[in-house]
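Student:
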Amino acid sequence: MKWNKKATALTVFGMAATLTLAGCSGGTTSGGASGGSDGYKIAFVQGVAGDEFYISMQCGIQDEAEKEGATVTTQGPEKFDPTLQKPIVDAVVASQPDALLIAPTDVSAMQAPIAAAEAAGIKVVLVDTTLEDPSAAVSQISSDNEGGGAAAFKAIQDANPNGGKVLVVSVDPGISTTDARAKGFEDAVAEDSKFESVGVQYSHNEPSTAAEIVTAALQKDPDIVGIFAANLFAAEGSATGVQQAGKQGAVTIVGFDAGPAQVKALQAGTVQALVAQEPATIGSDGVKQAIAALKGEATEEKIQTGFTILTKDNIDGEGKDAVYKSSC
Ligand code: T6T
27 MKWNKKATAL TVFGMAATLT LAGCSGGTTS GGASGGSDGY KIAFVQGVAG
77 DEFYISMQCG IQDEAEKEGA TVTTQGPEKF DPTLQKPIVD AVVASQPDAL
127 LIAPTDVSAM QAPIAAAEAA GIKVVLVDTT LEDPSAAVSQ ISSDNEGGGA
177 AAFKAIQDAN PNGGKVLVVS VDPGISTTDA RAKGFEDAVA EDSKFESVGV
227 QYSHNEPSTA AEIVTAALQK DPDIVGIFAA NLFAAEGSAT GVQQAGKQGA
277 VTIVGFDAGP AQVKALQAGT VQALVAQEPA TIGSDGVKQA IAALKGEATE
327 EKIQTGFTIL TKDNIDGEGK DAVYKSSC
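In terms of my numbering, the sequence shown opens at residue 27 and continues consecutively.
1. In chain order, what residues of the same chain have a beta carbon less than 7 Å from the beta carbon of residue 299, not counting five sequence neighbours either side?
2. Suppose you measure from the CA of residue 308 to the CA of residue 81; what does that come to, to the nearest Å?
3. Are there 16 or more other CB atoms within 10 angstroms of the CB of residue 65, so buried, or fewer, so exposed?
4. Ordered along the chain, which non-local residues of its own chain (more than five positions away) have a Cβ less than 6 Å from that of residue 67?
5. Does the ligand T6T have a heavy atom nearer than 7 Å to the CB of residue 228?
6. What separation, rounded to the nearest whole angstrom, lies between the Cα atoms of residue 237 and residue 149?
7. Any heavy atom of the ligand T6T inside 7 Å of the beta-carbon of residue 135?
8. For a test of the three-state rule: what should DSSP assign to residue 43, helix, strand or coil?
9. Rounded to a whole number of angstroms, what is the C-alpha to C-alpha distance between residue 226 and residue 132?
10. Taking 8 Å as the threshold (C-beta atoms), are residue 140 and residue 151 in contact?
11. At a cut of 8 Å, does the stretch 231 to 249 reach the stretch 300 to 319 through at least three beta carbon pairs?
12. Could you please give me the residues that DSSP links to residue 268 through a beta bridge?
13. Could you tell me the alpha carbon to alpha carbon distance between residue 342 and residue 79, rounded to whole angstroms?
14. Residues bridged to residue 129 by DSSP?
15. Indicate, with yes or no, if the ligand T6T has a heavy atom lying under 7 Å from the CB of residue 342.
16. Across the stretch 165 to 179 and the stretch 93 to 112, are there enough close Cβ pairs to call them in contact, namely three or more that are closer than 8 Å?
17. According to DSSP, which residues form a beta bridge with residue 254?
18. Would you check if there are 3 or more beta carbon pairs closer than 8 Å linking the stretch 106 to 119 to the stretch 318 to 331?
19. Among the residues of its own chain, which have a CB less than 7 Å from the CB of residue 211, if the five just before and after it don't count?
20. Would you kindly work out how many angstroms separate the C-alpha atoms of residue 197 and residue 207, rounded to a whole number?
21. Residues in its own chain within less than 6 Å of residue 69 by CB, not counting five upstream and five downstream?
22. With respect to the alpha helix (DSSP H) encompassing residue 234, which residues constitute its N-terminal and C-terminal limits?
23. Tell me whether residue 303, by its Cβ, gets closer than 7 Å to a heavy atom of the ligand T6T.
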């Protein structure tokens with residue numbers, strides 16, 4: 027099933043060049059003059075390097091930038107952690123790109139480094155996550171995260187018509203996306219008296235911590251019927267935790283995101299549904315907004331992209347295109 031707030035067009039074509047920069051975690055430069063007129067320099071700072079969600083976003087950014095003759099430099103911290111992301115942003119600002127597309131790892135800790143980018147005359151677009159005060163950005167683009175959380179609860183509800191206890195495995199408090207997903211899920215749970223939430227726990231983006239959370243929660247509350255894992259790594263660990271507890275088949279797991287490993291878990295039946303975002307569209311929209319700002323054209327303050335619910339029934343058909351990429 028596909029939820030879409032806006033019509034999107036995604037064109038994919040080969041990249042001219044991809045070059046790894048020594049010393050930068052996940053650093054790549056791509057693109058060049060291919061017909062566009064302005065040759066803008068765009069820096070993309072991921073929430074974390076090596077995450078297929080941000081890799082797919084990078085692909086969308088590179089495709090769109092190439093159409094515009096812009097170059098893209100991509101970097102990301104080794105962990106989803108503002109103390110690691112801040113120095114990357116500081117270095118990017120010093121390198122004076124025309125635009126910065128960034129997924130801030132914390133709503134408040136990344137406020138000042140991003141404000142410094144704007145103060146340096148760089149056009150900032152927030153992609154995926156946002157800030158407490160997003161006014162430094164010309165545009166914010168993200169999925170309908172609250173709606174995705176509510177849709178995840180619906181999948182658990184459908185699989186468990188008699189209701190029961192449910193658990194949320196999130197990442198860290200202060201991440202706008204996962205906080206919104208947990209809120210959407212918890213609000214939906216509160217509307218159905220047959221269900222009871224045992225709360226939100228934080229895995230710090232570590233699958234092993236998510237697995238520990240789940241095995242401990244199932245020991246404490248063996249009657250948990252559903253787990254909502256709020257991102258890729260939470261889903262990976264939750265599936266492991268349920269297996270370790272010997273509860274496979276008795277607990278419905280719905281995970282946000284759809285990397286190749288999550289899709290395998292779906293096919294194997296260790297996860298029952300995935301909420302696939304549209305990271306490439308978030309990326310290409312980000313480039314369009316940045317370039318509009320650079321040209322002095324109007325920008326959209328907020329863009330919300332859709333998501334697709336993937337299950338065993340659609341993953342080999344219409345759902346296939348929603349799967350994230352491991353490389354561009
Ligand atoms: O779910 C995505 C992203 O939307 C979120 O902000 C952080 O986690 C992911 O990158 C998946 O790992």
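Where a beta carbon is used, it is the ideal one built from N, C-alpha and C, also for glycine.
Fair warning: this is a prediction, and the values are worked out from it, not measured in the lab.
Tutor: Quick look at the numbers:
1. 181, 280, 335, 336, 337
2. 12 Å
3. exposed
4. 97, 123, 124
5. no
6. 40 Å
7. no
8. In this prediction, residue 43 scores a pLDDT of 25, lower than 50, which makes its location untrustworthy; the coordinate-derived value is nonetheless stated afterwards. Residue 43: coil per DSSP, three-state reduction.
9. Straight-line measurement puts the Cα of residue 132 at about 18 Å from the Cα of residue 226.
10. no
11. no
12. DSSP output for residue 268 lists no bridge partner at all.
13. 20 Å
14. The partner list for residue 129 (beta bridge, DSSP) is empty, contrary to what the question assumes.
15. no
16. No contact exists between the stretch 165 to 179 and the stretch 93 to 112.
17. Beta bridge pairing from DSSP links residue 254 with 194, 280.
18. These segments do not touch.
19. Excluding the 5 residues flanking it on each side, residue 211 has same chain C-beta neighbours closer than 7 Å at 175, 176, 178, 179, 194, 254, in chain order.
20. 11 Å
21. 99, 118, 123, 126
22. 233 to 246
23. yes
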